[in-house]
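Asker:
Protein chains: 2
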Amino acid sequence: MKTSRREMAAMMAMGGVGVALSSAKAATPSAGAKLVHHVFFWLKNSGSPSDRDQLIAGLRTLKDIPAIRNLQIGVPANTEKREVVDASYDVSELMYFDNAMDQKTYQDHPIHQAFVKSCEHLWRKVVVYDMEVLAP
Amino acid sequence: MKTSRREMAAMMAMGGVGVALSSAKAATPSAGAKLVHHVFFWLKNSGSPSDRDQLIAGLRTLKDIPAIRNLQIGVPANTEKREVVDASYDVSELMYFDNAMDQKTYQDHPIHQAFVKSCEHLWRKVVVYDMEVLAP
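Residue numbers (the working numbering), protein chains in the order written: chain A, 1 to 136; chain B, 1001 to 1136.
So this is what it looks like as structure tokens:
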């Protein structure tokens, strides 16, 4: 009952897109997770290993937030340097949520708020991309 | 034999980071995939449904490239408008690869080259983030 109410509300919030997206379930890494939340952090002390590790430790606390279907933490990969590749960030987090409502629940969760409070002095810039996964 | 040679080469390319990362397997959406390749496209005709659909159709052809462990195509999600959220892009692709070598193989693959050739007239800007997934 709770799930179907949430799903219905999410579909309404997405203006009907949710219906078409429901067939995408099988193709997403976390079944049913249709919302990708990808955050990039640039440290004030860019390249500082200790500040980077402190931020990574903070991000790891987020895994206890129930709304998160999948959490990955990363750093710039050792791929080819090309003009279009932005490898200037220090740390990145990639999360999956079932829908936009769950992402909002995460945003307001005490563990997330505590993370921001304890780590925001570390970064100078944050860029967030929220992506609605389409049917394959 | 082929896999272990590839993995060894990838570890060398990553300067030893590969060893620490091998324990991350269980937590990644695609087992063993440690490289996230996330690309954002801004259309010349921003917001054009037909250009967007043409680009999405082009991106869907990429799924036949063997090196890709997981491919998701998306559009900006209907999350809260905040200063840090960049929802200005039109289309996004999110891929998982086992390692940086596989990402390079994908980059040079004829299907990817054909996609670029047939769709590059559609976009005015591309931003790529390559992320090395850390152990959880």
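Each residue gets a CB set at the ideal place from its N, CA and C atoms; glycine is no exception.
Taking buried to mean at least 16 other C-beta atoms within 10 Å of its own C-beta, is residue 88 of chain A buried or exposed?
Answerer: Along the first sequence, read from residue 1 onward, the residue named residue 88 of chain A stands at position 88. Label assigned to residue 88 of chain A: exposed.
Asker: What residues from the segment 1043 to 1064 of chain B come within 8 Å of chain A, judged by C-beta to C-beta, listed N to C?
Answerer: Answer set for the segment 1043 to 1064 of chain B: 1056, 1060, 1063.
Asker: Which bits of chain A does residue 1103 of chain B rub up against, with CB to CB less than 7 Å?
Answerer: Walking along the second sequence from the start, residue 1103 of chain B turns up at place 103. Residues of chain A passing the Cβ test: 79.
Asker: Leaving out five residues before and five after residue 1046 of chain B in sequence, what residues of the same chain have Cβ atoms less than 7 Å from its Cβ?
Answerer: One-based indexing of the second sequence puts residue 1046 of chain B at position 46. Answer for residue 1046 of chain B: 1090, listed in chain order.
Asker: Could you check what DSSP says for residue 1137 of chain B in three-state terms: helix, strand or coil?
Answerer: Nothing in the structure corresponds to residue 1137 of chain B, since chain B is present only between 1001 and 1136.
Asker: Is the distance from the Cβ of residue 84 of chain A to the Cβ of residue 1126 of chain B below 7 Å?
Answerer: Residue numbering aside, residue 84 of chain A sits at position 84 when the first sequence is read from its first letter. Residue numbering aside, residue 1126 of chain B sits at position 126 when the second sequence is read from its first letter. In this structure, the beta-carbon distance from residue 84 of chain A to residue 1126 of chain B falls below 7 Å.
Asker: Tell me, please, which residues DSSP counts as bridged to residue 168 of chain A.
Answerer: What the structure shows of chain A is the stretch from 1 to 136, and residue 168 of chain A is not part of that stretch, so it cannot be assessed.
Asker: Note down, in chain order, all residues in the segment 81 to 100 of chain A with a beta-carbon under 8 Å from any beta-carbon belonging to chain B.
Answerer: 82, 84, 85, 86, 87, 89, 92, 94, 96, 100
Asker: Could you check if residue 1103 of chain B belongs to the surroundings of the ligand FMN, using beta carbon to heavy atom distance under 6 Å?
Answerer: Looking at this structure, you won't find the ligand FMN or any other ligand, since it has none at all.
Asker: Beta-carbon of residue 106 of chain A versus every beta-carbon of chain B: anything under 7 Å?
Answerer: Here residue 106 of chain A corresponds to residue number 106 of the first sequence, with the count starting at 1. No, residue 106 of chain A lies away from the interface with chain B (no Cβ there is under 7 Å from its Cβ).
Asker: In the DSSP assignment, find the unbroken alpha helix (DSSP H) run with residue 106 of chain A in it and report its ends.
Answerer: Counting from one through the first sequence, the residue named residue 106 of chain A turns up at place 106. It spans 100 to 108 - the alpha helix (DSSP H) in which residue 106 of chain A sits, taken as one unbroken run.
Asker: For a contact meaning CB atoms closer than 9 Å, what does residue 1122 of chain B contact in chain A?
Answerer: Counting from 1 along the second sequence, the entry for residue 1122 of chain B is found at position 122. Those do not exist, as residue 1122 of chain B stays about 15 Å from chain A at its closest Cβ, beyond 9 Å.
Asker: Looking at chain B, is there any beta carbon in it that lies within less than 7 Å of the beta carbon of residue 133 of chain A?
Answerer: Position 133 of the first sequence, counted from the first residue, corresponds to residue 133 of chain A. For residue 133 of chain A, the answer is yes, since a Cβ of chain B falls inside 7 Å of its Cβ.
Asker: For residue 68 of chain A versus residue 111 of chain A, is the C-beta spacing smaller than 7 Å?
Answerer: On the first sequence, position 68 is the one that residue 68 of chain A refers to. On the first sequence, position 111 is the one that residue 111 of chain A refers to. No, Cβ-Cβ distance for residue 68 of chain A and residue 111 of chain A is not below 7 Å.
Asker: For residue 93 of chain A, collect the residues of the same chain with a Cβ closer than 6 Å to its Cβ; drop the 5 residues on either side in sequence, then sort them by chain order.
Answerer: Taking the first sequence and counting its residues from 1, the one referred to as residue 93 of chain A is at position 93. Around residue 93 of chain A: 39, 59, 73.
Asker: Drop a sphere of 10 angstroms on the beta-carbon of residue 1033 of chain B, count the other beta-carbons inside from all chains shown, and report buried for 16 or more, exposed for fewer.
Answerer: In the second sequence, residue 1033 of chain B corresponds to position 33, counting from 1. Burial call: buried.
Asker: Can you check whether the CB of residue 95 of chain A is closer than 7 Å to the CB of residue 37 of chain A?
Answerer: Locating residue 37 of chain A in the first sequence gives position 37, counting from the first residue. Locating residue 95 of chain A in the first sequence gives position 95, counting from the first residue. Contact: yes.
Asker: Quick check on residue 1116 of chain B: buried or exposed, where buried means 16 or more other Cβ atoms within 10 Å of its Cβ?
Answerer: Position 116 of the second sequence, counted from the first residue, corresponds to residue 1116 of chain B. Exposed is the call here.
Asker: For a quick check, are the C-beta atoms of residue 130 of chain A and residue 1077 of chain B less than 7 Å apart?
Answerer: Here residue 130 of chain A refers to the residue found at position 130 of the first sequence. Here residue 1077 of chain B refers to the residue found at position 77 of the second sequence. A contact, by the Cβ cut-off of 7 Å.
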